[in-house]
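Numbering (my numbering), first residue to last: 2 to 626.
Ideal placement from N, C-alpha and C gives every residue a C-beta, glycine not left out.
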């Protein structure tokens with residue numbers, strides 16, 4: 002990969018050779034400044050002050066000052082040349098990131114556009130500046146040393162070359178260790194991002210020690226990477242001492258020998274000026290720029306390069322590497338098929354789901370269980386078409402999950418159930434393209450368990466105020482709405498978490514009993530797993546599949562989860578608080594929700610809506626026309 006980046010970099014520079022030449026010409030002015038910074042003081046001493054000609058000495062110092070002014074003008078022009086070289090690189094990277102984000106639906110593209118591209122641009126500009134400065138400063142200083150006395154090169158050049166060589170030998174391993182450190186840091190951040198929101202679940206399931214051990218391993222890995230990276234920092238300091246500071250010591254130590262061989266006092270002072278004022282600062286900037294920014298640029302460019310996902314198997318949780326139930330007994334396509342599905346939140350993030358195979362026959366009842374943050378909701382979002390896998394395919398009833406055929410065949414009921422201000426009948430019929438007879442509404446309400454609330458609201462034509470309903474009541478409305486839809490595949494993503502166990506069982510059995518219906522439940526109670534035909538135990542690479550009894554016998558992780566699962570008290574959820582904001586946005590979106598395809602129940606944070614008409618009184622948002 003590094004060789005490919007180098008080749009692309011050379012091609013990029015060749016394509017802009019005019020800009021490179023112009024940059025070099027302006028840099029010549031800095032070469033003149035570097036030459037005069039030691040040569041002028043030497044002449045001022047030898048030909049002026051030491052010879053008793055003060056005017057000559059002052060004149061040479063004036064020449065040195067003029068060189069500084071001219072060099073500053075050249076530096077100002079250099080910045081324009083660097084911009085002409087750097088901005089095209091930024092434009093190319095932005096086009097690549099946008100293409101990947103928009104055309105390939107890469108959700109990590111936003112980070113690439115807002116952070117990584119800017120890092121690449123700034124780092125590349127810094128590298129151009131320090132590299133160019135070192136080259137032209139070194140040329141000017143070495144030319145000055147040769148002009149003063151060729152013997153001076155014998156003292157200065159060998160340690161300078163040795164320091165540069167030592168540093169160059171560490172560039173590639175330094176870049177590798179920089180990338181390892183960044184990868185370890187990202188892995189730790191991803192893990193903490195998953196663990197912290199689920200600390201309550203970790204405590205409830207008794208998984209504190211396991212979670213602490215997992216996080217501890219990531220902390221130890223980042224510490225090892227940081228120590229390895231720090232060791233190369235020592236090498237950089239040694240290279241700077243060898244190439245920039247040792248020449249000063251050698252000049253002082255060899256002064257008697259140099260004077261005996263015709264080197265003048267002014268030449269020695271000029272040589273010290275070259276080393277301390279030109280070579281040492283330029284070498285320091287080069288080592289710092291290439292050592293830190295160079296490896297950082299390499300890592301960022303690798304991240305921005307297109308990359309494809311790959312699966313890695315389910316691991317020891319299933320010897321066959323798949324999670325397939327017995328073949329369907331009816332001559333119709335499976336209700337759900339996942340083939341080698343891998344998904345991660347970003348092109349370089351650790352996969353949440355990796356190489357998952359799953360075939361679910363029509364009429365099945367599947368419970369998905371696992372620790373908090375392991376990817377259960379991500380799985381339902383993939384099946385609902387809300388997320389796109391990095392690799393692999395998801396099919397609903399044989400149709401691509403994002404196709405029109407699959408859209409009408411699955412319905413997602415999320416944890417945050419959304420209802421809108423209107424009649425109860427309007428809420429319940431929201432996913433049906435045709436009017437729903439009242440008898441069918443009442444039958445569905447009775448089956449799911451909504452009938453007591455329906456009667457309390459005054460029947461199907463009763464008005465619904467979302468803010469006055471409890472979270473459990475909103476879930477019952479959303480469940481009944483999905484039950485009335487024509488979609489045979491129902492995805493319950495913690496959709497009954499605010500119901501008591503008896504109401505939860507009634508709702509799940511209602512969906513499982515639908516003719517031709519298939520049910521996938523993200524379970525939060527052990528009773529949901531016991532009711533299901535099959536259980537998918539998600540635990541990273543240790544994913545396991547089977548009946549409840551099979552997993553209890555064969556999966557230690559499942560036994561641990563079941564043993565720590567505590568029952569929830571039989572009580573109704575508390576009424577929800579008022580959920581209106583200053584715009585008057587209800588807790589839910591109104592009819593005609595944008596993008597739901599009428600078969601995916603949209604969900605999001607409280608107060609989030611998709612269209613201006615979702616405001617209770619039809620007003621637009623603040624700031625919208």
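- The Cβ neighbour count for residue 27, taken over all protein chains shown within 10 Å, is at least 16; the residue is labelled buried.
- Taking every protein chain shown into account, the CB of residue 248 has 16 or more other CB atoms within 10 angstroms, so this residue is buried.
- For residue 344, the uninterrupted beta strand (DSSP E) segment begins and ends at 337-344.
- Taking C-beta atoms under 8 Å as the contact rule, residue 168 and residue 240 qualify, at a distance of about 4 Å.
- Exposure of residue 487 is indicated by the presence of fewer than 16 other C-beta atoms within 10 angstroms of its C-beta.
- Here residue 288 has 168, 237, 240, 241 as same chain residues with Cβ atoms under 7 Å from its own Cβ, once five neighbours each way along the sequence are excluded.
- When the beta-carbon positions are compared, residue 370 and residue 384 stay at least 9 Å from each other.
- Judged by DSSP secondary structure, residue 355 falls within the beta strand (DSSP E) whose first and last residues are 354-361.
- In the DSSP assignment, residue 411 is bridged to 490.
- Leaving aside the five residues that flank residue 458 on each side, the residues in its chain whose CB is nearer than 8 Å to its CB run, in chain order, 425, 464, 465.
- Annotation: residue 441 to residue 428 spans about 14 Å, alpha carbon to alpha carbon.
- Our two residues, residue 416 and residue 444, have alpha carbons roughly 24 Å apart in a direct line.
- For residue 204 and residue 345, the gap between their C-alpha atoms comes out near 26 Å.
- With respect to residue 265, residue 144 sits apart: the two C-beta atoms are not nearer than 9 Å.
- Contact check for residue 366 against residue 553 fails: the beta carbons are separated by 9 Å or more.
- The count of Cβ pairs closer than 8 Å, one atom from the stretch 472-491 and one from the stretch 397-417, reaches three, so the stretches are in contact.
- By the criterion of a C-beta distance shorter than 7 Å, residue 511 is surrounded in its chain by 448, 449, 484, once the five residues flanking it on both sides are discounted.
- In the DSSP assignment, residue 44 falls outside any beta strand (DSSP E) and lies within the alpha helix (DSSP H) extending over 18-44.
- Straight through space, the alpha carbons of residue 217 and residue 496 are spaced by roughly 33 Å.
- Just so you know, the alpha carbons of residue 58 and residue 162 end up roughly 33 Å apart.
- For residue 365, the secondary structure class from DSSP, reduced to helix, strand or coil, is coil.
- Non-local beta-carbon contacts of residue 418 in its own chain, meaning distances under 6 Å to residues more than five positions away in sequence, involve 475, 476, 479 in chain order.
- For residue 392, the uninterrupted beta strand (DSSP E) segment begins and ends at 392-397.
- Here residue 272 is not near residue 222, since their CB atoms are 9 Å or more apart.
- The stretch 23-39 and the stretch 55-74 touch, with no fewer than 3 CB-CB distances between them shorter than 8 Å.
- For residue 519, the enclosing beta strand (DSSP E) has its first and last residue at 519-523.
- With a 10 Å radius around the Cβ and a threshold of 16 neighbouring Cβ atoms, residue 355 comes out buried.
- DSSP, read as helix, strand or coil, puts residue 406 in helix.
- In the structure shown, the three-state DSSP call for residue 52 is coil.
- For residue 227, the enclosing alpha helix (DSSP H) has its first and last residue at 209-241.
- Under the 10 Å beta carbon count, residue 391 is surrounded by 16 or more other beta carbons and is classified as buried.
- The Cβ atoms of residue 543 and residue 558 sit closer than 9 Å to each other.
- In this structure, the beta-carbon distance from residue 279 to residue 68 does not fall below 9 Å.
- Within the model, the alpha-carbon separation for residue 403 versus residue 338 is close to 13 Å.
- In this chain, residue 533 is not harboured by any alpha helix (DSSP H), its DSSP state being neither H nor E.
- The Cβ-Cβ distance between residue 564 and residue 555 does not fall below 9 Å.
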